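Here the structure is laid out as structure tokens; the discussion comes afterwards.
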Amino acid sequence: MILQRITDDMESEFGMMGSMLRCGWRQTHFAAQLKKYADLYTCNVYNLIEYSGTHYFNSPIQLLPHEEKIMRGFIDTKSINTFDERSSEEGETLSDISCCGCCLTGNETI
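Position in the sequence shown (from 1) plus 86 gives the number in the numbering used here.
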């Protein structure tokens, strides 16, 4: 009885073809394409009513794994301050330390 009610609810919501975005637990090809190529996605156009017609929507840049390590090193100002204090005590220079070992040899300047 409960299963029949759930089935009826799903059929009334999605029609005979089912959900366009899921097939069971898996995403459909359409959902994968939507996720990959859509500039903006919302389930209801009224979600955009608070934005002006000239509003620019952008998504965060997706970094590659080795770029994330590099950026984490540059953005972490606390570690830079720690390095500055330590380098003055130990006589190290910035060129003696590589960012993550993947792209710098240690002799290059950052």
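Note that CB positions come from ideal geometry on N, CA and C, so glycine has one too.
Being a predicted model, the structure only gives us computed values, none of them experimental.
| Check | Outcome |
| --- | --- |
| In whole angstroms, give me the CA-to-CA distance for residue 106 and residue 155. | 37 Å |
| Taking residue 125 as the reference, which of 145, 132, 116 has the closest Cα? | 145 |
| Where does residue 90 sit, in a helix, a strand or coil, going by DSSP? | helix |
| Pop quiz: residue 134 and residue 128 are said to be a contact at Cβ under 8 Å. What is the actual Cβ separation, rounded to whole angstroms? | 6 Å |
| From the DSSP output, in three-state form, read off residue 150 for me. | coil |
| Would you list the one or two residues that DSSP bridges to residue 113? | 108 |
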